[in-house]
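Asks: All letters in the sequence shown, in the order written, are residues 229 to 504 by my numbering.
Ideal Cβ placement from N, Cα and C applies to all residues, glycine included.
Treat the numbers as computed from the prediction; the structure is a model and nothing was measured.
My questions all concern the structure below.
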Amino acid sequence: MSHAHLHELFPAADFGFSMKLRPGDVRQFFEPSPDQAAVLAERRRWLNESPERYVAATSGAEREIAQFRRLLDGLAEGAASDSTDGLVDEIARLGGMLEPDFLLLTPGQGGRFHLRAGCVCFPSGWALAEKIGQPMEEIHGIVPGLNPAIGERIHQFLSRLKPGAAWLRSNWGISSSPERNQHPGRAINRMSAGTSPAATWLRVEHQVLHRLDDCDGVLFGIRLENVPLAAVRQDRSLRAGLHRSLATMPDDMAVYKNLQQIRPALLKYLESSDLR
229 MSHAHLHELF PAADFGFSMK LRPGDVRQFF EPSPDQAAVL AERRRWLNES
279 PERYVAATSG AEREIAQFRR LLDGLAEGAA SDSTDGLVDE IARLGGMLEP
329 DFLLLTPGQG GRFHLRAGCV CFPSGWALAE KIGQPMEEIH GIVPGLNPAI
379 GERIHQFLSR LKPGAAWLRS NWGISSSPER NQHPGRAINR MSAGTSPAAT
429 WLRVEHQVLH RLDDCDGVLF GIRLENVPLA AVRQDRSLRA GLHRSLATMP
479 DDMAVYKNLQ QIRPALLKYL ESSDLR
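Encoded structure:
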């Protein structure tokens, strides 16, 4: 399987914060994939077992949910239909019909964007219930160096996003598990110095940012992809790019990404004669 679509994750540069946006199609982002049946079955299982973990909303997000529902017309059967469900139940209903996770952001006091609603069945080590209602700057505050580096650029981008426009980007991490749902409450095994790099996974979040029509809301979609690190190692460009990112990543960022203990082993695993 080709992983050429992942090359943009690792430009020929040291580790650093970059928005790396490219224009996209929001409906295409939410279209079914070949794995739809398995993904939706898992999403519905988590939503049935612990909806309070994976769905959240604040008051005032009804208009954005209605716009999102109309956007989905034709993509998921029944998604665009009017519903008499309460807001949280409506979000859970949509979350069980769609493969990507989704969040809805709206500007609050001072124009700063806040997280108002969402369904996140496949989080990468964070809990939606702890973030709902917070401004983006506070949500990103846990990421070392992010706000000083690009926090204001993120705000300006969201503020200037034109209705109907959609932009794509991707983010990455490394995990000891291919489990899609890595909610902190599930206690997925953390990587340590003894973790075998060959048993780890490149965890990629493909993201879309879309300004909803007829309201100030921004839709943030997240579609997950897991790639065995052994497969990444076979792609010379990916291997070199990931090696450089890991080697130049600040220590506090490596700690945040749970990479500090395993980083020496990862670097050794990725090294080859053309990287020295």
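Between the region 382-394 and the region 462-480, are three or more C-beta pairs nearer than 8 angstroms?
Replies: Between the region 382-394 and the region 462-480 there are fewer than three C-beta pairs closer than 8 angstroms, too few to call the two in contact.
Asks: Compare the beta carbon distance of valine 436 and glycine 445 with 7 angstroms and say whether it is the shorter of the two.
Replies: For the purposes of this step, residue 436 is identified with residue 208 of the sequence shown, where counting begins at 1. For the purposes of this step, residue 445 is identified with residue 217 of the sequence shown, where counting begins at 1. Cβ atoms of valine 436 and glycine 445: not closer than 7 angstroms.
Asks: Relative to the alpha-carbon of alanine 475, which residue among His233, Ala240 and Glu236 has its alpha-carbon at the smallest distance?
Replies: Residue 475 sits at position 247 when you count from the first residue of the sequence shown. Out of His233, Ala240 and Glu236, Ala240 has the C-alpha closest to the C-alpha of alanine 475.
Asks: Using only CA atoms, which one of Leu396, Arg291 and Gly373 lies nearest to phenylalanine 258?
Replies: By one-based count along the sequence shown, residue 258 stands at place 30. Nearest C-alpha to phenylalanine 258: Leu396.
Asks: Taking 8 angstroms as the cut-off, does the region 313-327 touch the region 357-368 (at least 3 CB pairs, one atom from each stretch)?
Replies: When C-beta atoms of the region 357-368 are compared with those of the region 313-327, fewer than three pairs fall below 8 angstroms, so the two segments do not count as touching.
Asks: Measuring only the C-alpha atoms, how far is arginine 511 from phenylalanine 238?
Replies: Here the chain has residues from 229 to 504 only, and residue 511 is not among them.
Asks: Taking the alpha-carbon positions, what's the aspartate 242 to leucine 470 distance?
Replies: The residue given as residue 242 occupies position 14 in the sequence shown. The residue given as residue 470 occupies position 242 in the sequence shown. Looking at the two C-alpha atoms, the distance is approximately 10 angstroms.
Asks: Ordered along the chain, which non-local residues of its own chain (more than five positions away) have a Cβ less than 8 angstroms from that of cysteine 349?
Replies: As a position in the sequence shown, residue 349 is number 121, starting the count at 1. For cysteine 349, where only same-chain residues beyond five positions count, the Cβ hits under 8 angstroms are Glu270, Arg271, Trp274, Leu275, Tyr282, Gly323, Asp329, Arg408 and Asn409.
Asks: Do glutamate 290 and cysteine 443 have their beta-carbon atoms positioned less than 7 angstroms apart in this structure?
Replies: Residue mapping note: residue 443 aligns to position 215 of the sequence shown, counting from 1. Residue mapping note: residue 290 aligns to position 62 of the sequence shown, counting from 1. No; because the gap between Cβ atoms is not below 7 angstroms, this pair is not in contact.
Asks: Which residue from Asp313, Met364, Gly353 and Gln362 puts its Cα closest to that of isoleucine 402?
Replies: Translated into positions along the sequence shown, residue 402 becomes position 174. For the residues Asp313, Met364, Gly353 and Gln362, the minimum Cα distance to isoleucine 402 belongs to Gly353.
Asks: Compute the distance between the beta-carbons of glutamine 489 and alanine 421, then report whether it is under 7 angstroms.
Replies: One-based indexing of the sequence shown puts residue 489 at position 261. One-based indexing of the sequence shown puts residue 421 at position 193. Contact: yes.
Asks: Note down, one range per segment and in chain order, each alpha helix (DSSP H) of at least 4 residues found wholly within the region 364-436.
Replies: 364-367 and 380-388
Asks: Are the beta-carbon atoms belonging to methionine 325 and alanine 304 less than 7 angstroms from one another?
Replies: Sequence index remark: in the sequence shown, residue 325 carries index 97 (1-based). Sequence index remark: in the sequence shown, residue 304 carries index 76 (1-based). Yes.
Asks: DSSP on threonine 476, reduced to helix/strand/coil?
Replies: For the purposes of this step, residue 476 is taken as residue 248 along the sequence shown, with counting starting at 1. Helix, per DSSP.
Asks: Rounded to whole angstroms, what's the CA-CA distance from aspartate 313 to leucine 343? Just pull it up for me.
Replies: Locating residue 313 in the sequence shown gives position 85, counting from the first residue. Locating residue 343 in the sequence shown gives position 115, counting from the first residue. Answer to the nearest angstrom: the Cα atoms are 21 angstroms apart.
Asks: Rounded to whole angstroms, what's the CA-CA distance from isoleucine 416 to alanine 427? Just pull it up for me.
Replies: Within the sequence shown, the letter at position 188 stands for residue 416. Within the sequence shown, the letter at position 199 stands for residue 427. The straight-line gap from Cα to Cα measures roughly 14 angstroms.
Asks: Starting from glycine 346, trace the beta strand (DSSP E) both ways and give me its first and last residue.
Replies: Reading the sequence shown from its first residue, position 118 is the one you call residue 346. 341-347 is the extent of the beta strand (DSSP E) around glycine 346.
Asks: CA-CA distance, proline 391 and valine 267?
Replies: Residue numbering aside, residue 391 sits at position 163 when the sequence shown is read from its first letter. Residue numbering aside, residue 267 sits at position 39 when the sequence shown is read from its first letter. Each residue's Cα considered, the two are about 30 angstroms apart.
Asks: For serine 398 versus histidine 434, is the C-beta spacing smaller than 7 angstroms?
Replies: Translated into positions along the sequence shown, residue 398 becomes position 170. Translated into positions along the sequence shown, residue 434 becomes position 206. For the 7 angstroms CB-CB criterion, serine 398 and histidine 434 form a contact.
Asks: Strictly by DSSP, which residues pair up with phenylalanine 330?
Replies: Reading the sequence shown from its first residue, position 102 is the one you call residue 330. DSSP output for phenylalanine 330 lists Cys347 and Gly449 as bridge partner(s).
Asks: Mind checking which residues open and close the beta strand (DSSP E) that includes alanine 289?
Replies: Here the question's residue 289 lines up with position 61 in the sequence shown. No beta strand (DSSP E) holds alanine 289; DSSP gives it neither H nor E.
Asks: Just to confirm my understanding: we take glycine 252, look at its own chain, exclude 5 residues before and 5 after, and list those with CB closer than 8 angstroms. What are they?
Replies: For the purposes of this step, residue 252 is identified with residue 24 of the sequence shown, where counting begins at 1. Ala394, Trp395, Leu396 and Val436, listed in sequence order.
Asks: Are the beta-carbon atoms of proline 412 and alanine 493 separated by less than 7 angstroms?
Replies: Here residue 412 corresponds to residue number 184 of the sequence shown, with the count starting at 1. Here residue 493 corresponds to residue number 265 of the sequence shown, with the count starting at 1. Pairing proline 412 with alanine 493 gives a Cβ-Cβ distance that is not under 7 angstroms.
Asks: Report back the beta-carbon spacing between valine 254 and histidine 438 to the nearest angstrom; my notes put them in contact at under 8 angstroms.
Replies: In the sequence shown, residue 254 corresponds to position 26, counting from 1. In the sequence shown, residue 438 corresponds to position 210, counting from 1. The Cβ separation is near 4 angstroms, so the contact holds.
Asks: Find out if the Cβ-Cβ distance for the pair alanine 535, alanine 345 is shorter than 7 angstroms.
Replies: Past the boundaries of the shown model lies residue 535; the chain is included only from 229 to 504, so the question cannot be answered.
Asks: Could you check what DSSP says for serine 465 in three-state terms: helix, strand or coil?
Replies: Against the sequence shown, residue 465 aligns to sequence position 237. Here serine 465 sits in helix by DSSP.
Asks: Quick one: grab the DSSP three-state call for alanine 512.
Replies: Since the first residue of the chain shown is 229 and the last is 504, residue 512 is not available in this structure.
Asks: What residue range is occupied by the uninterrupted alpha helix (DSSP H) comprising isoleucine 360?
Replies: Along the sequence shown, one-based indexing puts residue 360 at 132. Note, isoleucine 360: premise wrong, no alpha helix (DSSP H); not H, not E.
Asks: Give the range of the alpha helix (DSSP H) segment to which phenylalanine 257 is assigned.
Replies: For the purposes of this step, residue 257 is taken as the residue at position 29 of the sequence shown. Per DSSP, phenylalanine 257 belongs to the alpha helix (DSSP H) from 254-257.
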